[in-house]
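Student:
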Amino acid sequence: MSPRTRLLVPAVGLLLLSACGAPPEALPTSPPLPRPTGSQPSAGGPAPSMIYTPPTAVTPTYTYPTLPPVTITTRPTTTPPTTTTPAGPAPSYAPRCTGEPTGPQIITLAKTSPAVPDKDVSVLDGPYCAAGWSFTTIGMTGAEPLSVIATGTGASLTLVTVGTDVCNPTVKAQAPAGIRAMACGS
């Protein structure tokens, strides 16, 4: 044992002994029980007849405050605002054409269709090209814009469809994904 430990043991013992105060008082005992009848007579005659009745247990009662009724209101679910994209076709999976067909070529081709009135027509957006197909938006004063889908270039330029809704079975089945996305929205 180290010298410190030798000093520590008696110090702890003295500390414990000094913490003790006066010895605790004796705990109270149960109430005195009456003597049964017929036991030792008292100096003045027979013992009085006493019957011990233990006290009845008292059950505490609690009163809780009355609270007003709770009304639950539900708020309508709102959807986040949608963002608007600038004018033009939704996601451009087809890039702008870098050669043919040109805007004037698409206008000349579109005028061959009875769906396009004989008015002053101009290219509003495009043409966009993908795998030999093109998508162009044309418009004229006082009329709704029209979409033009064509295949080929130059002299082999062929009209597939023109109108306000160009998502037809041919476009759905044969057009490349970029043109189909612009025409059908998916």
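Heads up: the sequence shown runs through residues -22 to -1, 1 to 164, numbered per mature numbering (1 follows the signal peptide of the UniProt record, and there is no 0). Idealized CB from N, CA, C, for every residue including glycine.
With a threshold of 7 Å, establish whether the CB of G117 neighbours any heavy atom of the ligand FAD.
Tutor: Among the components of this structure there are no ligands whatsoever, and the ligand FAD is therefore not found.
Student: From P79 to G163, what does the alpha carbon distance come to, in whole angstroms?
Tutor: By 1-based counting over the sequence shown, the position of residue 79 is 101. By 1-based counting over the sequence shown, the position of residue 163 is 185. For P79 and G163, the distance between alpha carbons rounds to 22 Å.
Student: State buried or exposed for R74, treating a residue as buried only when at least 16 other CB atoms are found within 10 Å of its CB.
Tutor: Stepping through the sequence shown from its first residue, residue 74 is reached at position 96. R74 is exposed by the Cβ-count criterion.
Student: Could you name the residues that DSSP lists as bridge partners for D98?
Tutor: Counting from 1 along the sequence shown, the entry for residue 98 is found at position 120. None; D98 has no bridge partner.
Student: For P82, which of T51, C145, L102, L45 has the nearest alpha-carbon?
Tutor: Here residue 82 is taken as the residue at index 104 of the sequence shown, counted from 1. Ranking T51, C145, L102, L45 by CA distance to the CA of P82 puts L102 first.
Student: Out of curiosity, what's the CA-to-CA distance linking T49 and Y42?
Tutor: The count along the sequence shown starts at 1 and reaches residue 49 at position 71. The count along the sequence shown starts at 1 and reaches residue 42 at position 64. In a straight line, the C-alpha of T49 is about 20 Å away from that of Y42.
Student: Going by C-alpha to C-alpha distance, which of L(-15), A155, L45, S125 sits closest to G110?
Tutor: Here the question's residue 110 lines up with position 132 in the sequence shown. For the residues L(-15), A155, L45, S125, the minimum Cα distance to G110 belongs to A155.
Student: If we call anything under 8 Å between Cβ atoms a contact, is V144 one with S125?
Tutor: Along the sequence shown, read from residue 1 onward, the residue named residue 144 stands at position 166. Along the sequence shown, read from residue 1 onward, the residue named residue 125 stands at position 147. In contact: V144 and S125 (Cβ atoms closer than 8 Å).
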